[in-house]
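Residue numbers (the numbering used here): 4 to 405. Heads up, the beta-carbon is just placed ideally off N, CA and C, and yes, glycines get one too. Note that the structure is predicted; figures quoted are calculated from it, not measured.
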Amino acid sequence: MKGLLGLGLRASTLGGKVLLMLYLTHAYGVSVVGAYGILVSIISFSVYLSGLELYSLLLKSYTGTQRGSCFAYTNQMFFSLFSSLIVSFSVVIYMHQYFPYKGVTIFAMLLTVTEVLLQEYHRILLAKGRATIANILLFVRNGVWCYFILIFLFYIKVSDEKIVSFISFCWLCANLIALCFVFLYAKYNLILSFTKISFKILYFLIRKSVPIFISSIFIRVIVSLDKVLLSHFTSLSIVGVYTFYTSIGNALQALLDAGMISYKYKDILFVSRQRKAVEFMVYIKKLYFTSLICMASIFLASLLFFTIFNYNDYYEYAFALLIVLISSSLQSLGALFKQYAIMNFRSSILKAGLLSFAVFLIACGTYKVLHLGPIYTIAISVLFASFSYILYLWKWLKKANE
4 MKGLLGLGLR
14 ASTLGGKVLL
24 MLYLTHAYGV
34 SVVGAYGILV
44 SIISFSVYLS
54 GLELYSLLLK
64 SYTGTQRGSC
74 FAYTNQMFFS
84 LFSSLIVSFS
94 VVIYMHQYFP
104 YKGVTIFAML
114 LTVTEVLLQE
124 YHRILLAKGR
134 ATIANILLFV
144 RNGVWCYFIL
154 IFLFYIKVSD
164 EKIVSFISFC
174 WLCANLIALC
184 FVFLYAKYNL
194 ILSFTKISFK
204 ILYFLIRKSV
214 PIFISSIFIR
224 VIVSLDKVLL
234 SHFTSLSIVG
244 VYTFYTSIGN
254 ALQALLDAGM
264 ISYKYKDILF
274 VSRQRKAVEF
284 MVYIKKLYFT
294 SLICMASIFL
304 ASLLFFTIFN
314 YNDYYEYAFA
324 LLIVLISSSL
334 QSLGALFKQY
344 AIMNFRSSIL
354 KAGLLSFAVF
364 LIACGTYKVL
374 HLGPIYTIAI
384 SVLFASFSYI
394 LYLWKWLKKA
404 NE
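Here it is as structure tokens:
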């Protein structure tokens with residue numbers, strides 16, 4: 004029952020985003036979708052920079068004593084807030100110089116900070132087995148504002164120059180509302196004590212997390228800045244098409260997360276911590292077969308939708324959509340392999356990230372050699388990078404348990 008509720012919430016969240024992009028395509032053109040996609044990529048990458056992957060080392064503390072949870076929660080939130088403020092200023096500088104819609108700069112800064120805090124709370128809730136609450140908050144921060152914008156734009160027209168700023172403003176308002184709910188929940192279920200802040204232990208954790216962080220940055224560069232890279236090779240219209248495809252890929256990941264991962268995450272952390280490789284691979288196989296069914300269904304439904312409603316721009320590059328969906332499935336699997344590796348063979352993670360990034364660069368380098376076209380080159384590059392990451396960690400898992 005909880006799994007169905009999670010699927011419903013995720014489907015509602017993703018449905019809002021897909022409908023919003025379809026409306027933007029119809030009313031404002033694919034170029035606006037491309038600009039929105041670049042904005043999301045910049046914020047997503049900034050969120051990933053913040054926190055230095057400390058959460059990956061602290062998650063196991065939430066399955067232990069209340070004292071351990073209090074320490075982990077306090078230090079995780081303190082460092083995340085501090086690092087997000089630093090990163091957000093860099094976002095302002097970059098967007099002021101390079102982003103075509105100057106009015107979103109301050110919104111991007113505030114969105115970075117609020118997204119970091121909400122992401123950390125989401126991880127904590129999953130680690131504590133509160134998947135339903137995590138999915139409700141995700142719907143508040145990522146779904147509600149999409150439906151509000153659709154209703155608002157139905158009655159009131161926003162100019163092309165201000166539409167991206169308007170979207171950013173609504174997104175920020177939803178994040179602030181979600182933070183209010185989070186603080187109310189945390190007040191009674193999580194203990195925040197400033198006396199528990201330990202700079203010495205934070206320094207120790209930062210040193211331990213650096214290889215994980217560097218590896219994660221390589222992966223995040225691949226899957227977050229692909230649209231930014233694509234914008235240097237082609238028009239905003241093509242970036243808009245690719246943005247829509249990645250939103251469908253994100254929908255696949257979210258459905259997998261809501262239907263299985265979020266409700267089994269506590270158990271997955273447990274088997275990873277206990278080095279139970281056989282039990283861990285059972286979860287991997289279940290996720291793999293589930294992803295195949297979801298991927299085929301989403302791809303066929305998308306083709307049918309593009310045909311019926313004459314979205315020719317999206318139908319033209321349909322094979323790229325299939326590639327994006329496969330990559331998204333591999334990224335969901337890769338996230339679980341990464342968590343197992345963090346707890347058992349941390350040294351392999353940096354090498355896996357380096358290998359994946361090298362594969363991505365080499366594949367991108369074939370752009371002028373194979374003449375595949377920018378959108379196919381980027382999509383295939385992400386696919387190869389995602390596959391190489393999983394393959395490397397899987398070999399380490401087999402080696403560690405022989």
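Just to check my reading of the structure: residue i and residue j have Cβ atoms closer than 8 Å, yes? What is that Cβ distance to the nearest angstrom?
i: ILE352; j: ILE215; result: 5 Å
i: SER389; j: LEU239; result: At roughly 25 Å, the Cβ-Cβ gap does not stay under 8 Å, so SER389 and LEU239 are not in contact.
i: VAL242; j: ILE41; result: 7 Å
i: VAL43; j: MET24; result: Incorrect: roughly 11 Å between the Cβ atoms, too far for contact.
i: TYR51; j: SER219; result: 7 Å
i: LEU121; j: ALA181; result: 6 Å
i: GLY132; j: LYS269; result: 4 Å
i: PHE184; j: VAL119; result: The Cβ separation is near 17 Å, so there is no contact.
i: ILE170; j: ILE152; result: 6 Å
i: TRP399; j: ALA344; result: 7 Å
In three-state terms, what does DSSP make of residue i?
i: GLN100; result: helix
i: GLY146; result: coil
i: ILE180; result: helix
i: GLU164; result: coil
i: GLY40; result: helix
i: GLU282; result: helix
i: ARG349; result: coil
i: GLU56; result: coil
i: LEU375; result: coil
i: PHE236; result: coil
i: ASN404; result: coil
i: TYR317; result: helix
i: ASN117; result: Note on residue identity: the sequence assigns Thr, not Asn, to residue 117. Helix at THR117.
i: THR369; result: coil
i: ILE154; result: helix
i: ILE204; result: helix
i: PHE312; result: coil
i: LYS131; result: coil
i: GLY32; result: coil
Expressed to the nearest angstrom, what Euclidean distance is found between the alpha-carbon atoms of residue i and residue j?
i: ALA323; j: ILE251; result: 12 Å
i: THR77; j: PHE207; result: 16 Å
i: LEU336; j: TYR291; result: 7 Å
i: TYR31; j: THR249; result: 19 Å
i: CYS73; j: ALA137; result: 19 Å
i: LYS401; j: LEU22; result: 43 Å
i: ILE311; j: THR28; result: 16 Å
i: LYS190; j: ALA361; result: 45 Å
i: PHE309; j: PHE172; result: 30 Å
i: PHE236; j: CYS149; result: 30 Å
i: SER59; j: SER227; result: 20 Å
i: LYS354; j: SER384; result: 18 Å
i: SER330; j: ILE296; result: 15 Å
i: TYR158; j: MET284; result: 51 Å
i: VAL147; j: ASN404; result: 45 Å
i: SER350; j: ALA366; result: 25 Å
i: ARG13; j: ILE301; result: 15 Å
i: LEU141; j: ILE287; result: 24 Å
i: MET263; j: HIS125; result: 16 Å
i: GLY376; j: TYR370; result: 7 Å
i: LEU306; j: ASP316; result: 12 Å
i: HIS374; j: ASP229; result: 18 Å
i: MET80; j: ILE271; result: 23 Å
i: HIS99; j: ILE209; result: 30 Å
i: THR117; j: ILE166; result: 21 Å
i: ILE139; j: LEU303; result: 29 Å
Using a threshold of 8 Å, state whether the C-beta atoms of residue i and residue j are closer than that.
i: SER201; j: GLU56; result: no
i: LEU205; j: PHE82; result: yes
i: ASN178; j: SER275; result: no
i: PHE221; j: GLY368; result: no
i: ALA134; j: TYR266; result: yes
i: ASN145; j: THR246; result: no
i: THR108; j: SER91; result: no
i: ILE378; j: LEU233; result: yes
i: ARG223; j: PHE340; result: no
i: LEU175; j: PHE110; result: yes
i: SER391; j: SER359; result: yes
i: ALA382; j: ILE326; result: yes
i: LEU129; j: TYR26; result: no
i: GLN342; j: GLN256; result: no
i: VAL231; j: TYR320; result: no
i: PHE85; j: ILE225; result: no
i: LEU61; j: ALA75; result: yes
i: ILE106; j: SER162; result: The displayed chain sequence assigns Gly, not Ile, to residue 106. No; because the gap between Cβ atoms is not below 8 Å, this pair is not in contact.
Taking only heavy atoms of the ligand FMN into account, decide whether any of them is closer than 7 Å to the Cβ of residue i.
i: VAL161; result: Looking at this structure, you won't find the ligand FMN or any other ligand, since it has none at all.
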